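Protein chains in written order, with this note's numbering: chain S, 33 to 147; chain E, 57 to 166. In what follows, a single structure is set out as structure tokens and then discussed.
Written out as structure tokens, the structure reads:
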């Protein structure tokens, strides 16, 4: 299994500002993902964080709004830029556990409230 | 898409009873994973069943998969109050992207 931590666990931010969320894994993983869960909704995939190259974004999500970094095989960041109240969500990172398994593990999430 | 749809949307049972949740999907899959989410926290991985498996057990959990019907079920036996959570299925394909439904909200009453 993989142990995943996220920072911060929660934050309250003012509209127009940006927040960077960190995701740290206790082992090297090939694939990392970022998801959003809006209040009362299910999880939606934002992007796949690729090590050494630009992230791959899903339809409806753009790099200018959600820039992602992945400098190595254990760490990634997601920035929520120019925030509005509609960005209030739980943001979760997940990882594919490794070669030979398709299991995906999720971090504890970052609860973001935008005022 | 590979999105899973859980049924029922909500389920309320007494402690000690069994809880069964169902999942349907529309396309072919490599595997299907079940997750639990407690009150707005992160997702806890419960079990993964591969497309060539029909049944899998883990503790009090039993998962079945019927690829001909494109459906899966999660059975929790002898439920406890601590099992109260939302449960999601996630059908998986070759691209490893997971698409979630709205989940089943399970309430176990003491």
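Think of the CB as a built atom: it goes at the ideal place given N, C-alpha and C, for glycine as much as any other residue. The model shown is predicted, which means the values in this text are computed figures rather than measured ones.
### Query
Residue ranges of each beta strand (DSSP E) run of no fewer than 3 residues wholly in the region 60 to 100 of chain S, ordered along the chain?
64 to 69 and 75 to 81
Q) So residue 72 of chain E packs on residue 114 of chain E, CB below 8 Å; how close in whole Å? A) Mapped onto the second chain, residue 72 of chain E falls at position 16. Mapped onto the second chain, residue 114 of chain E falls at position 58. Residue 72 of chain E to residue 114 of chain E, Cβ: 20 Å. No contact.
Check the Cβ-Cβ distances between residue 148 of chain E and every residue of chain S, and say whether any is below 8 Å.
Along the second chain, read from residue 1 onward, the residue named residue 148 of chain E stands at position 92. Yes, contact with chain S.
**Prompt:** Can you tell which of E:137, E:131, E:153 and E:143 has its C-alpha closest to the C-alpha of residue 165 of chain E?
**Reply:** To locate residue 165 of chain E, count along the second chain from 1; it is residue 109. The shortest C-alpha separation from residue 165 of chain E is found at E:137.
Requested in this report: Between the Cα of residue 125 of chain E and those of E:154, E:131 and E:107, spot the shortest distance and give me the residue it belongs to.
Outcome: Locating residue 125 of chain E in the second chain gives position 69, counting from the first residue. The shortest Cα separation from residue 125 of chain E among E:154, E:131 and E:107 belongs to E:107.
- Is residue 118 of chain S helix, strand or coil by DSSP? One-based indexing of the first chain puts residue 118 of chain S at position 86. Here residue 118 of chain S sits in helix by DSSP.
- Query: Nearest to residue 116 of chain E by CA position, among E:123, E:110, E:122 and E:131, is which residue?
  - Reply: Along the second chain, read from residue 1 onward, the residue named residue 116 of chain E stands at position 60. Of the listed residues, the one whose Cα sits closest to residue 116 of chain E is E:131.
* In whole angstroms, what separates the C-alpha of residue 108 of chain S from that of residue 50 of chain S? -> Position 76 of the first chain, counted from the start, is the residue given in the question as residue 108 of chain S. Position 18 of the first chain, counted from the start, is the residue given in the question as residue 50 of chain S. Rounded to the nearest angstrom, the two C-alpha atoms are 16 Å apart.
Backbone CA spacing between residue 103 of chain E and residue 116 of chain S [nearest angstrom]: Here the question's residue 103 of chain E lines up with position 47 in the second chain. Here the question's residue 116 of chain S lines up with position 84 in the first chain. Approximately 36 Å, taken between the alpha carbons.
If you count every other CB in all the chains shown that lies within 10 Å of the CB of residue 102 of chain S, and 16 or more means buried, which is it? Here residue 102 of chain S corresponds to residue number 70 of the first chain, with the count starting at 1. Buried.
| Nearest-angstrom Cα distance between residue 152 of chain E and residue 48 of chain S? | Counted from its first residue, the second chain places residue 152 of chain E at position 96. Counted from its first residue, the first chain places residue 48 of chain S at position 16. Each residue's Cα considered, the two are about 33 Å apart.
**OP:** Could you pull out every unbroken beta strand (DSSP E) segment of at least 3 residues lying fully inside the region 68 to 129 of chain E, listed in chain order?
**Re:** 75 to 80, 87 to 93, 99 to 106, 111 to 114 and 117 to 122
- request: Starting from the beta carbon of residue 58 of chain S, find every residue of chain E whose beta carbon is closer than 9 Å, and list them in chain order.
  value: The residue you call residue 58 of chain S lines up with position 26 of the first chain. Result: empty, since nearest Cβ-Cβ is about 15 Å, beyond 9 Å.
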